[in-house]
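The next block holds one structure in the form of structure tokens; read it before the comments.
Residue numbers (our numbering), protein chains in the order written: chain A, 529 to 843; chain B, 616 to 909.
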């Protein structure tokens, strides 16, 4: 890596603000805005406007009789007493609590192994482990759905060899693990690549120095490698958090394969989708979407704030 | 650069650690099993799929070509249309998002303007807003404008990529030296010219990464087109396969022949992205680290 990334703002800004020269020539300001402007417009149109609109919609309720009425936070009050929403939210929280540590440990372990082993087989494995990231979540869920399936999956054959009956990962009891496996399979390779790239950016003379001081391989891993890639670990944790709390694709696809196990309110996002597009209840759907987006935002922000000293992408 | 010394040192004495390689082998099997299943089973017909043969091995008659022909002729050849739609959405959306991200990232990194710090803080906040939370209100806005069920309903929201802007900002800040831009200006180059001829070539690794990530995000986006489109002919390939899958599950017995098409369709739909990743791997691998080193 030739990138040298520092916490400090670009030097020219520091110089000028320190001198107190706050006046930037109008021409430079204008050019700056010309570069940022096109994205700014898209940002306003497809992020700010929908969020504001969702907030607005979420404050109303549409009744069969009497039309639309302003209910202020009524939809939110409804959501937080609605068992469908609460069960879905609880599932997503439980799922994140198990998934994120598992996923991070696996991707960290793989990254550390691939950082140590330098054979061509390791290079090949690195690429293949990453491959599931290129697969659409829907297709990934479908592939695993096939593998889990009683009709054409291999689990029956494999467990049959030992005279046991195969576990049904699409049943009520095991669908949690079925989904856990799919998401881990899909994302661990992507996270592994991010961590691996961060590991490759560490100056190897540090390892030599540690070895001269008598450090074992384990000590090098735990005291040098892991601490130095903390920013990358924080980054993937944030990605995982954002991704899991808005869980939609995989359970939506498995719904058809796992008849009866996964309901339309399995996750908050699926519930919002059902309310909006299944029942044309856009106000309530917007309230759920907005509440979900808000909760994700606040969680991630608190997390980043708490870890900011360890270095994060939110400088 | 120390990394090159390191590479040379490692090359002299490759580190093999046999037990770790065996462990890697097991991991590899886990990560490749679903691909293997799809490759094997896309060669089977309904009898082979449901006949109880080995699920992880080929049936007696291997019929890739027949299934392919079936896939591309089923329902008036709609699958080819879905593939083309996916390509259109991914390329227009991905290229557009990348162009906007390059401009904005460069603007944030290299110019001072009123509201710069505030805008950048808002941008970082936006990275954390889950994009699916935007789908429902965007749908209602678009439906008011008569844009739902058009290609624009999928392409326009795909142009938004705050994380791409962030990556470009970090990269441009470090990879494009101010001195070089100043030198270009002294030599009489305008802002547009110093951007296009000086900065842009230096930013190429990050551009490839952001482009690839944007294309993958658009290609793999399921929620947005699922909500926006109701016309079969406009579906991207994964929404189409999802729909087939729903049909096949709903009528268990009658849908048996559809399953071989779905499996073949899944296989065909993942090939373009796999090729893109494998051919561009030298470029994206370094680029992915940009956001994580800070």
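Even for Gly, the Cβ is constructed at its ideal location relative to N, Cα and C.
Within chain A, the residues that residue 819 of chain B reaches when beta carbons sit closer than 9 Å: Against chain A, a Cβ distance below 9 Å from residue 819 of chain B picks out nothing, because the smallest value is about 13 Å.
Local conformation of residue 571 of chain A per DSSP, three classes: helix
Does residue 848 of chain B pass the burial test, meaning 16 or more other C-beta atoms within 10 Å, or should it be called exposed? exposed
Comparing C-alpha positions only, which one of A:814, A:574 and A:833 sits nearest to residue 585 of chain A? When the alpha-carbon of residue 585 of chain A is set against those of A:814, A:574 and A:833, the nearest one is in A:814.
Nearest to residue 820 of chain B (by Cα), restricted to the options B:802, B:794, B:782 and B:804: B:782
Assuming residue 678 of chain A is part of the beta strand (DSSP E), what are its boundary residues? Segment: none, residue 678 of chain A is in no beta strand (DSSP E) and carries neither H nor E.
Report the residue from A:662, A:646 and A:558 whose alpha carbon sits nearest the alpha carbon of residue 632 of chain B. A:646
What does the Cβ neighbour count give for residue 754 of chain B, buried or exposed, with the cut at 16 atoms within 10 Å? buried
Quick one: grab the DSSP three-state call for residue 795 of chain A. In the structure shown, the three-state DSSP call for residue 795 of chain A is coil.
Do residue 752 of chain A and residue 734 of chain A count as a contact pair if the criterion is CB distance below 8 Å? yes
Return yes when the Cβ of residue 575 of chain A is within less than 8 Å of the Cβ of residue 741 of chain B, no when it is not. In contact: residue 741 of chain B and residue 575 of chain A (Cβ atoms closer than 8 Å).
Which of the three DSSP states, helix, strand or coil, is assigned to residue 659 of chain B? coil
Span separating the alpha-carbon of residue 769 of chain B from that of residue 839 of chain B: Rounded to the nearest angstrom, the two C-alpha atoms are 7 Å apart.
On the CB-based measure, 16 or more other CB atoms within 10 Å of its CB, does residue 830 of chain A come out buried or exposed? exposed
Whole alpha helix (DSSP H) elements within the region 739 to 813 of chain A, 4-residue minimum: 758 to 773, 777 to 785 and 796 to 801
Does residue 741 of chain B come within less than 8 Å of chain A when only Cβ atoms are used? At a cut-off of 8 Å between beta carbons, residue 741 of chain B contacts chain A.
For residue 770 of chain B, return the contacting residues in chain A, with the cut-off set at a CB-CB distance below 8 Å. The premise fails here: residue 770 of chain B is roughly 11 Å from chain A at the closest Cβ pair, so nothing lies under 8 Å.
Are any of the Cβ atoms in chain A nearer than 8 Å to that of residue 697 of chain B? no
Opening and closing residue of the alpha helix (DSSP H) in which residue 606 of chain A lies: 602 to 607
Cβ-based contacts, 7 Å cut-off: residues of the region 653 to 667 of chain A near chain B: 653, 655, 656, 657, 659, 660, 662, 663, 664, 665, 666 and 667
Between the region 794 to 819 of chain A and chain B, which residues of the former have CB atoms less than 8 Å from a CB of the latter, in chain order? 797, 800, 801, 804, 805, 810, 813, 814, 817 and 818
Positions along the region 741 to 763 of chain B whose CB lies within less than 9 Å of some CB in chain A: 741, 742, 743, 744, 745, 746, 747, 748, 749, 750, 751, 752, 753, 754, 755 and 756
Alpha carbon to alpha carbon, how far is residue 624 of chain A from residue 618 of chain A? Give it in angstroms, no decimals. 10 Å
First and last residue of the beta strand (DSSP E) that includes residue 589 of chain A? 588 to 591
Would you please verify whether the beta carbon of residue 857 of chain B is less than 8 Å from any beta carbon of chain A? Residue-level contact check: residue 857 of chain B touches chain A, since one or more beta carbons of chain A fall below 8 Å from its beta carbon.
Please name the residues in the region 871 to 891 of chain B whose beta-carbon is closer than 8 Å to at least one beta-carbon of chain A, in chain order. 874, 877, 878, 881, 884, 885, 888, 889 and 891
Neighbour flag for residue 646 of chain A against chain B, beta carbons, 8 Å: Yes, its Cβ sits closer than 8 Å to a Cβ of chain B.
Any residues in the region 669 to 684 of chain A with a beta carbon nearer than 7 Å to a beta carbon of chain B? Which ones, in chain order? Correct list: 670, 671, 672, 674, 675, 679, 680, 681 and 682.
Does chain B have any CB closer than 8 Å to the CB of residue 713 of chain A? yes
Can you list the residues of chain A that residue 685 of chain B reaches, using a CB-CB cut of under 7 Å? Those within 7 Å of residue 685 of chain B in chain A number zero; the least Cβ separation is about 17 Å.
Whole-angstrom distance between residue 627 of chain A and residue 640 of chain A, CA atom to CA atom: 20 Å
Check the Cβ of residue 585 of chain A against every Cβ in chain B and list those closer than 9 Å, keeping chain order. 751, 752 and 755
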